[in-house]
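Trainee:
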Amino acid sequence: MNPLVVHWLIALSFWLWVAVIFAFYIGSFGSVIRALLAVLF
Amino acid sequence: MTILIAVFATLLLALGCIGWGSLVLSLFRAHEYIDDAVERAALCFAVGLGVVGWVLFYPGIAGVFRPEVFWGLSLFGTIALLPGIHRFRRGITGTGKSPTNISWIGICLCAALVLVLGMDLLEGISPPADADTLAYHFALPKDFVDAGRVFFVPRALSGAIPLLFHMTFAAALATGGELALTLWAMVTGWAAGLLVFVLARRHLSRDWSLALAVVFLTTPAVLYGGGSGHIEVRCAVFVLASVAFTCAAYRGVSLSLFALAGLCAGFYLGAKFYGLIFVGSVGLVVLCHRDGLRQGLVFGGAAILAGFQWYLWNWMHTGDPIFPTITNLMQFPDTQFWTRDFGLYFTETIAKGELVLDRSLLNWAIYPVLSIFNIAERLEGGRTGLGIFSLLILPLAVAGLCRADLRRREYIIPLAIAFIFFTVWFFSGTTQRTRHLLPIYPLVLIGLFPVAVFIAGRASLVSPLAVAIALTLAVQLGGQAIFSVNYARHIFSAETRVQFHVRNVPGANAAQWSNRQLPPGAKLGFMNRQLAYLIQRPAYMMHPHIQVIIDSRPTASDGRKFIAQSQKQGLTHFMLHGDWQNPGSIPEQVPFFRMIHRLVNMGCLRQIRRFDTVQINSRTLRSLGGSDTQTTDTVFELMPQRCP
């Protein structure tokens, strides 16, 4: 496979990993975030 | 003036620790293995911290636990630092890395670090408010200093435990008062961050190392325990020093460095029972190397020398060095401090409250996921856990560790030790709360992060890694800001220490009243453990789950026995939870409360004062509108002539 394609696939996978893990993490603090939003708005 | 003395005492104690550490490093000829001046200072501080805690045990048990001893020890260490001060000047010795121009990322990270330290300072100059800290981390040193000696506290989990680090709390308290104590907690919390920085700096640029240090310092578990009296983050100091010396020992094949690594591991042993697992983990790694037996013997001997004191102390008083574990396991005969019946109850209570997961291979494997994403909430991996960072960098680190050139001893040893520790800890049947893994968490960071950075550089993945760090910092800094609101409210208002405690500690108003109003010669029995630090009068903690001297279990129903045990302890007054003028509010299904009710009706316990207080679910989340429960405490006087 073209090395450039491999590189972009790896990069995309890691970006995806960061996004998914982070989204799950933020989701696990739902109650805190809801409370924070309630205070801010 | 009080503030100046507190700051001076804290500084002198810190310098004294560095001095003592430098002396020990000289003794073991270890200075030559350290190139960088900041790394030298951090490692000297770690070793000195343990030495000071170790030395203070002896004046403690000899009954000379006096301020002049603490001042003398700090001063001696500081003076001992002077002849070798050239070692701490960057560039004069070794191959210390000279400062270079600071990048804009470096400036941003420095700003983040200043922000973090500033928010830590808010906690450092506020009175203590954390429950465990008030219950024993600060309460025991206060009691020892007041008594002028160290005495045995016959209480499981929070009394008959290794107290090496608490000796340094006593030193801070006795020399500079409560402010020095909280400042000392802050400084020792920072020490772990500094060690993470210097150990990462061996392999990484200043910016990457600084980023890792800020990520570590804002880890939820560090925010939770760093500025209070919790021991975990302070144990991380010993863990990092021990691993640093172990790695250095392999580089220089030096037995004296193995001994130094053993001393640091032994200090963890002397500070917390989990040190036993850590010593075993490092010992196993050492034994697995070539010439491991000799090196292991040196390591083990040094660890035992540094950590034996409190195990011997426990054994002398209870016959069990890790009270009450062996007592329960071996079914020792009943003593005044423990009974088989209570041991059974204790084991069941701990299992119910602390063992969240079955100890299966599957749960062991998925524990990090369950904790990091707060799926099993009772692991407390959310607000007091280890954060997300290790998981974010995991793919890069795994990819890096697959390459032979990145599988270096400096990364593999910390990871192997952390892996063994976690495995033994998980299957040992002890508490499964994530924050107890904090001492070994930095090992995961210094093992994975440099590898992740190297592989990110090679695979052009620096930008997603930088974004992962930025996201982590954003969340963790936000968490710290919320955590600090409570302390900022105290510092930037006219709130007094008493008002702060009343706002943050359930029952604090009753404790303040008892300090002022109880008659001379009174001794107070109380059940709310958080009040141990606040009650300034003779008192006894009638904890329902961890002591047997006054049986206060929910199932205890023998009023005659309760009164006899209380009188044996010399109690004249009791502080109990609940509104006893309104019997409907008392949970009648609990035999202990039914018994108290009978004693109240009999006139054996005469109510002398009621206090409205709050049950606080989370001090941090109160600023976000978290709800408190209104409750009542009652102070009773014991009327022996009307008792059964």
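Protein chains in written order, with the working numbering: chain A, 438 to 478; chain B, 71 to 714. Ideal Cβ positions, reconstructed from N, Cα and C, are used throughout, including at glycine. Predicted model, so just to flag it, every value in this text is computed and none were measured.
State the Cα-Cα distance for the pair L74/B and T288/B, rounded to the nearest angstrom.
Mentor: On the second sequence, position 4 is the one that residue 74/B refers to. On the second sequence, position 218 is the one that residue 288/B refers to. Cα to Cα, the separation comes out at about 28 Å.
Trainee: Would A529/B pass as an interface residue toward chain A - the criterion being a Cβ-Cβ separation below 8 Å?
Mentor: Mapped onto the second sequence, residue 529/B falls at position 459. True, the Cβ-Cβ gap to chain A drops below 8 Å.
Trainee: In three-state DSSP terms, what is V223/B?
Mentor: Numbered from its first residue, the second sequence carries residue 223/B at position 153. Note: V223/B maps to coil in three-state DSSP.
Trainee: Go through its chain and collect everything with a Cβ distance to G591/B's Cβ below 8 Å, but skip five positions before and after it.
Mentor: Reading the second sequence from its first residue, position 521 is the one you call residue 591/B. These residues qualify, in order along the chain: T642.
Trainee: Relative to the alpha-carbon of F343/B, which residue among F459/B, K593/B, P509/B and G194/B has its alpha-carbon at the smallest distance?
Mentor: Locating residue 343/B in the second sequence gives position 273, counting from the first residue. Selected option, being the one with the closest Cα: P509/B.
Trainee: Are the C-beta of P534/B and some C-beta of chain A separated by less than 8 Å?
Mentor: Sequence index remark: in the second sequence, residue 534/B carries index 464 (1-based). Yes - at least one Cβ of chain A is within 8 Å of the one on P534/B.
Trainee: Taking the beta carbon of P153/B as the centre, do at least 16 other beta carbons fall within 10 Å, making it buried, or is it exposed?
Mentor: Looking up residue 153/B in the second sequence gives position 83. By the 10 Å Cβ count, P153/B comes out exposed.
Trainee: From H613/B, Y557/B and Q587/B, pick the residue whose C-alpha is nearest to that of R573/B; which is it?
Mentor: Sequence index remark: in the second sequence, residue 573/B carries index 503 (1-based). Closest by alpha carbon: Y557/B.
Trainee: Give a yes or no on whether the minimum CB-CB distance between P520/B and chain A is below 8 Å.
Mentor: Counting from one through the second sequence, the residue named residue 520/B turns up at place 450. Not closer than 8 Å to any Cβ of chain A, the Cβ of P520/B fails to qualify, so no.
Trainee: Taking the alpha helix (DSSP H) that Q685/B falls in, what are its first and last residues?
Mentor: Numbered from 1 along the second sequence, position 615 holds the residue referred to as residue 685/B. Taken as a continuous stretch (DSSP letters only), Q685/B belongs to no alpha helix (DSSP H), being part of the beta strand (DSSP E) at L675 to I686.
Trainee: Report the three-state DSSP secondary structure of A181/B (helix, strand or coil).
Mentor: Here residue 181/B is taken as the residue at index 111 of the second sequence, counted from 1. Of the three classes helix, strand and coil, the one that applies to A181/B here is helix, per DSSP.
Trainee: With a threshold of 6 Å on Cβ separation, who are the neighbours of F235/B within its own chain once the five nearest residues in sequence on each side are excluded?
Mentor: Taking the first residue of the second sequence as position 1, residue 235/B is located at position 165. If we look at F235/B and ignore the five residues flanking it on each side, its Cβ neighbours are G123, I301, R304 and A341.
Trainee: To the nearest angstrom, how far is the alpha carbon of D698/B from that of N687/B?
Mentor: Position 628 of the second sequence holds residue 698/B. Position 617 of the second sequence holds residue 687/B. If you take the alpha carbons of D698/B and N687/B, they lie about 6 Å apart.
Trainee: Note down, in chain order, all residues in the segment 551–573 of chain B with a beta-carbon under 9 Å from any beta-carbon belonging to chain A.
Mentor: I552
Trainee: Taking a Cβ distance cut-off of 8 Å, strictly less, list which residues of the segment 430–462 of chain B are near chain A, in chain order.
Mentor: Cβ contacts with chain A: I442, F443, N444, I445, G452, R453, I458, L461 and L462.
Trainee: Considering only C-alpha positions, which residue in the set I482/B, I561/B, L471/B and V494/B is nearest to A526/B?
Mentor: The residue given as residue 526/B occupies position 456 in the second sequence. Minimum Cα distance to A526/B is reached at L471/B.
Trainee: Output the boundary residues of the alpha helix (DSSP H) element that contains T493/B.
Mentor: For the purposes of this step, residue 493/B is identified with residue 423 of the second sequence, where counting begins at 1. It spans R479 to F497 - the alpha helix (DSSP H) in which T493/B sits, taken as one unbroken run.
Trainee: Could you have a look at A609/B and say whether DSSP puts it in helix, strand or coil?
Mentor: For the purposes of this step, residue 609/B is identified with residue 539 of the second sequence, where counting begins at 1. It is a strand residue.
Trainee: Below 8 Å on the Cβ atoms is my guess for D105/B versus I175/B; work out the distance and round it to an integer in Å.
Mentor: Within the second sequence, residue 105/B is the residue found at index 35, counting from 1. Within the second sequence, residue 175/B is the residue found at index 105, counting from 1. That pair is no contact at about 25 Å.
Trainee: Residue range of the alpha helix (DSSP H) that V121/B falls in?
Mentor: For the purposes of this step, residue 121/B is identified with residue 51 of the second sequence, where counting begins at 1. Run containing V121/B: A107 to A132, per the alpha helix (DSSP H) assignment.
Trainee: For the beta strand (DSSP E) holding E248/B, just list the boundary residues, first then last.
Mentor: Position 178 of the second sequence, counted from the start, is the residue given in the question as residue 248/B. For E248/B, there is no enclosing beta strand (DSSP E); the residue is found in the alpha helix (DSSP H) stretching over L234 to R271.
Trainee: Alpha helix (DSSP H) containing H571/B: first to last residue?
Mentor: In the second sequence, the residue the question calls residue 571/B occupies position 501. Unbroken alpha helix (DSSP H) run through H571/B: R567 to N574.
Trainee: From P224/B, M256/B, G259/B and V215/B, pick the residue whose C-alpha is nearest to that of A244/B; which is it?
Mentor: In the second sequence, the residue the question calls residue 244/B occupies position 174. A244/B has its Cα closest to that of V215/B, out of P224/B, M256/B, G259/B and V215/B.
Trainee: Which stretch, first to last residue, makes up the beta strand (DSSP E) that contains D621/B?
Mentor: For this step, residue 621/B is matched to residue 551 along the second sequence. Counting along the chain, D621/B falls outside any beta strand (DSSP E), and DSSP gives it neither H nor E.
Trainee: Excluding five sequence neighbours on each side, which residues of the same chain lie with their C-beta closer than 6 Å to the C-beta of F315/B?
Mentor: Numbered from its first residue, the second sequence carries residue 315/B at position 245. Leaving aside the five residues that flank F315/B on each side, the residues in its chain whose CB is nearer than 6 Å to its CB run, in chain order, L327, L330 and A331.
Trainee: Per DSSP, what kind of secondary structure is M645/B in: helix, strand or coil?
Mentor: One-based indexing of the second sequence puts residue 645/B at position 575. Of the three classes helix, strand and coil, the one that applies to M645/B here is strand, per DSSP.
Trainee: Please say whether V618/B and W408/B have beta carbons closer to each other than 8 Å?
Mentor: Walking along the second sequence from the start, residue 408/B turns up at place 338. Walking along the second sequence from the start, residue 618/B turns up at place 548. Yes; because the gap between Cβ atoms is below 8 Å, this pair is in contact.
Trainee: Listing by chain order, which chain A residues have their CB less than 7 Å from the CB of A283/B?
Mentor: By one-based count along the second sequence, residue 283/B stands at place 213. Ordered by position in chain A, no residue passes the 7 Å Cβ test against A283/B, which lies about 21 Å from the chain.
Trainee: Short of 8 Å in beta carbon distance, which residues of its chain neighbour L145/B, apart from the five on each side in sequence? Order them along the chain.
Mentor: On the second sequence, position 75 is the one that residue 145/B refers to. Spatial neighbours of L145/B in its own chain (CB-CB distance under 8 Å, excluding positions within 5 residues in sequence) are listed in chain order as L82 and G86.
Trainee: Taking 7 Å as the limit between beta carbons, can you name the residues of its chain near R676/B, skipping five residues before and five after?
Mentor: Start at 1 with the first residue of the second sequence, and residue 676/B comes out as number 606. Answer for R676/B: F706, E707 and M709, listed in chain order.
Trainee: Our contact map puts V133/B next to L113/B with C-beta atoms below 8 Å; I'd like the distance itself, whole angstroms only.
Mentor: In the second sequence, counting from the first residue as 1, residue 133/B sits at position 63. In the second sequence, counting from the first residue as 1, residue 113/B sits at position 43. One point to set straight first is that residue 133/B is Gly, not Val, in the sequence displayed. Their Cβ separation, rounded to whole angstroms, is 33 Å, which puts G133/B and L113/B out of contact at 8 Å.
Trainee: Using DSSP bridges, identify the partner residues of L97/B.
Mentor: Within the second sequence, numbered from 1, the residue matching residue 97/B stands at position 27. BP columns for L97/B are empty, so no partner.
Trainee: 8 Å is my cut-off, CB to CB: does F478/A come that close to chain B?
Mentor: Taking the first sequence and counting its residues from 1, the one referred to as residue 478/A is at position 41. No, no contact with chain B.
Trainee: Given a threshold of 16 other Cβ atoms within 10 Å of its Cβ, counted over all protein chains shown, does G188/B qualify as buried or as exposed?
Mentor: Numbered from 1 along the second sequence, position 118 holds the residue referred to as residue 188/B. Exposed: under 16 other Cβ atoms inside 10 Å.
Trainee: Can you tell me where the alpha helix (DSSP H) holding G295/B begins and where it ends?
Mentor: Here residue 295/B is taken as the residue at index 225 of the second sequence, counted from 1. Taken as a continuous stretch (DSSP letters only), the alpha helix (DSSP H) holding G295/B covers P290 to G296.
Trainee: In the DSSP assignment, find the beta strand (DSSP E) that holds Q365/B and state where it starts and stops.
Mentor: The residue given as residue 365/B occupies position 295 in the second sequence. Taken as a continuous stretch (DSSP letters only), Q365/B belongs to no beta strand (DSSP E), being part of the alpha helix (DSSP H) at G362 to G377.
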